[in-house]
Amino acid sequence: MSKRLKTVPKFSSEAAERTFWEKNDSTEYLDWKKAQVAVLPNLKPSTQTISLRLPQHLLDSIKAAANARDVPYQSLIKVWLQEKLQGS
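So this is what it looks like as structure tokens:
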């Protein structure tokens, strides 16, 4: 038997929508079994490529730390930079 879904309300702002979904279970409003993958071909990446020169020994240490955590070293650098910025 199919569960009766609630109607998703209209939101006055993105903040109101965010607050709503933080407090409510989406499975009461949406049938996730019918969900489809969205394809957004015109979406621009939100990252920018930079060039960063590091001493070889430092890069080797970062790569070793990333390998120990089983993550790409670029991702580890991003995590460390974000942690440092949030700690300031």
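Just so you know, our numbering puts the end of the sequence shown at 77, numbered straight through with nothing missing. Note that the Cβ used here is the ideal one computed from N, Cα and C, for glycine as well.
Beta-carbon proximity list for residue i, same chain, < 8 Å, skipping 5 on both sides
{"i": "tryptophan 21", "result": "Ser15"}
Near the ligand MG: residue i beta-carbon under 6 Å from a heavy atom
{"i": "proline 30", "result": "Looking at this structure, you won't find the ligand MG or any other ligand, since it has none at all."}
C-alpha distance - residue i paired with residue j, whole-angstrom precision
{"i": "serine 35", "j": "tyrosine 62", "result": "19 Å"}
{"i": "glutamine 71", "j": "leucine 41", "result": "16 Å"}
{"i": "phenylalanine 0", "j": "alanine 24", "result": "21 Å"}
{"i": "valine 28", "j": "glycine 76", "result": "36 Å"}
{"i": "lysine -5", "j": "valine 26", "result": "22 Å"}
{"i": "tryptophan 69", "j": "glutamine 45", "result": "18 Å"}
{"i": "alanine 5", "j": "asparagine 13", "result": "12 Å"}
{"i": "tyrosine 18", "j": "proline 30", "result": "28 Å"}
{"i": "isoleucine 51", "j": "serine 2", "result": "42 Å"}
Whole-angstrom C-beta distance between residue j and residue i, which should lie under 8 Å
{"i": "lysine 65", "j": "alanine 53", "result": "Correcting the residue type first, residue 65 is leucine in the shown sequence and not lysine. 10 Å between Cβ atoms; not a contact."}
Three-state class that DSSP yields for residue i in the structure shown
{"i": "phenylalanine 9", "result": "helix"}
{"i": "glutamine 37", "result": "coil"}
Sequence-distant residues of its chain with Cβ nearer than 7 Å to residue i (five each side left out)
{"i": "glutamine 37", "result": "none"}
Within-7 Å CB hit, residue i to chain B
{"i": "leucine 43", "result": "Looking at the structure shown, chain B is missing, and only one protein chain is on hand."}
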